[in-house]
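Using UniProt numbering, the first residue of the sequence shown is number 1, and each one after it goes up by one. Note that the Cβ used here is the ideal one computed from N, Cα and C, for glycine as well. Structure record follows, encoded as structure tokens.
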Amino acid sequence: LEAAAKVGIEGAEEFLKNPNNGLKEVEEELKTYSRNITGVPYYVINGSQKLSGGQPPEVFLRAFQAATS
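Rendered as structure tokens:
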């Protein structure tokens, strides 16, 4: 709270009193970034091609070709 006051953030104490504050925002961020990821590593190529888990080089090559065509 001292740090928040030093930088001029108002309402920090009230915000921290409710344990659910920010929960909705965190859940929305998790949904945005998880996007049904089921394996690691997980790659998104050019925003359209998605690969999950370890893949052989030819799979990456096809994904890059599809993403750039």
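Beta-carbon contacts of residue i that lie in its chain and below 8 Å, excluding the five residues immediately before and after
i     : result
Glu29 : none
Gly22 : Phe15
Sequence-distant residues of its chain with Cβ nearer than 7 Å to residue i (five each side left out)
i     : result
Ala63 : Ile45, Gln49, Leu51
Ala4  : Ala12
Selected residue, minimal CA-CA separation from residue i, among the options
i     : options             : result
Lys17 : Gly47, Leu1, Val26  : Leu1
Asn36 : Ala67, Ser69, Gly53 : Gly53
Beta bridge counterpart(s) of residue i as assigned by DSSP
i     : result
Leu51 : Tyr43
Practice problem: Scan the stretch 4–34 and note each continuous alpha helix (DSSP H) run of 4 residues or more that stays entirely inside, going in chain order. | Solution: 12–17, 23–34
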